[in-house]
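Each residue of the sequence shown is one higher than the one before, starting from 1 at the first, in UniProt numbering. C-beta atoms are modelled at their ideal positions from N, C-alpha and C, and glycine is treated no differently. Since the structure is predicted, the reported quantities are computational estimates derived from the model, not experimental observations. Comments concern the structure below.
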Amino acid sequence: MMIKKSIVSILILIGILSMNVVVMASGIDTNNNIIIEAKSNQQVHNYQVIEPKENSFATTEKVVLLSGKAPAGTTVEIKVLATTDLTRKNFNLNKLPEDKDYVSLFSDTIKVGDMGLFSKQLDLILGVNKIIVTFKIDSDHKVEKIIYVSDVSQAAESLEKIGGENITDIIVQGK
């Protein structure tokens, strides 16, 4: 009887000791989340742009959904800047325009709802578009997204050009 109690005790002890969970985290934020600690109540609030996920990307869609999360009642300022390549500087995701080359397309200020979420449908133009989301809190925090909108026919034309050329010639031209 004593042996059974000892075995059961050992099994329970092993079970309890094996349930330890080790959690490690790095101090690096890889998703462009802005984490702010409120000094008054030591709660951590997360200010984040959920969509679009990428910081810069190309698309043929002229409409994009911007969504994010922040504490309820937070004021969020959304600005859309854009540039068409009228200067023939051939702007793209690798060669972005300077700030002076952008013109303002849209500006709006919204309040985050009770669920802590916000969203806005944005109309873009062909060329490079910059979306700036500013969370209006004690110190303004900005998140920028770059979206290059191209025409489907231009993309198809570029692919046709590539199809007939040698890949090394294309690489040499890019330099």
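Quick test of the definition: if touching needs 3 or more C-beta pairs under 8 angstroms, does the region 101-116 touch the region 52-64? Because the criterion of three Cβ pairs below 8 angstroms is not met, the region 101-116 and the region 52-64 do not touch.
Rounded separation between lysine 69 and valine 149 - CA only: C-alpha separation (whole angstroms): 25 angstroms.
Which of helix, strand or coil does DSSP assign to serine 139? In this structure, DSSP gives serine 139 a state outside helix and strand, which the three-state scheme calls coil.
CA-to-CA distance, methionine 19 to valine 143, given in whole angstroms: Approximately 40 angstroms between the Cα atoms of the pair.
DSSP bridge partner residues for phenylalanine 91 (one or two, in chain order): Answer is none; phenylalanine 91 lacks a bridge partner.
Report the three-state DSSP secondary structure of leucine 122 (helix, strand or coil). Reduced to three states, the DSSP call for leucine 122 is strand.
Throw me the rounded Cβ distance for the leucine 124 and isoleucine 147 pair, which I believe falls under 8 angstroms. At roughly 6 angstroms, the Cβ-Cβ gap stays under 8 angstroms, so leucine 124 and isoleucine 147 are in contact.
For asparagine 55: DSSP bridge partner residues: In the DSSP assignment, asparagine 55 forms no beta bridge with any residue.
Can the beta-carbon of tyrosine 47 be found less than 7 angstroms from the beta-carbon of leucine 81? Cβ distance not < 7 angstroms, so tyrosine 47 and leucine 81 don't count as in contact.
If contacts are defined as beta-carbon pairs under 8 angstroms, then threonine 74 and phenylalanine 135 qualify, I think. What distance do you get, rounded to the angstrom? Their Cβ separation, rounded to whole angstroms, is 6 angstroms, which keeps threonine 74 and phenylalanine 135 in contact under 8 angstroms.
Own chain, CB closer than 8 angstroms to glycine 127, minus 5 neighbours either side, in chain order: Within the same chain, glycine 127 has close Cβ partners Ala82, Thr83, Thr84, Asp85, Phe91, Tyr148 and Val149.
Short check: CB of leucine 119 to CB of serine 67, under 7 angstroms? It should be noted that the sequence gives serine, not leucine, for residue 119. Result yes, Cβ atoms of serine 119 and serine 67 sit closer than 7 angstroms.
Closer than 6 angstroms by C-beta to phenylalanine 106: which residues in its own chain qualify, once you throw out the five before and the five after it? Chain order, please. Excluding its 5 nearest sequence neighbours in each direction, phenylalanine 106 has C-beta neighbours in its own chain below 6 angstroms: Val80, listed in chain order.
For the alpha helix (DSSP H) containing glycine 15, list its first residue and its last residue. DSSP places glycine 15 in the uninterrupted alpha helix (DSSP H) bounded by 2-18.
Taking the alpha carbon of isoleucine 132 as the reference point, which residue from Asp108, Leu117, Lys62 and Val63 has its own alpha carbon closest? Put simply, of Asp108, Leu117, Lys62 and Val63 the residue whose alpha carbon is nearest the alpha carbon of isoleucine 132 is Asp108.
Once you ignore the five residues that flank leucine 65 on each side, which residues in its own chain have a CB closer than 7 angstroms to its CB? So the list reads Glu51, Ser119 and Gln121, once near-sequence residues are dropped.
When the Cα atoms are used, what is the spatial distance from aspartate 99 to serine 139? Their backbone Cα atoms lie some 22 angstroms apart in a straight line.
Relative to the alpha-carbon of lysine 95, which residue among Asn129, Lys62, Gly15 and His141 has its alpha-carbon at the smallest distance? Of Asn129, Lys62, Gly15 and His141, the residue nearest in Cα terms is Asn129.
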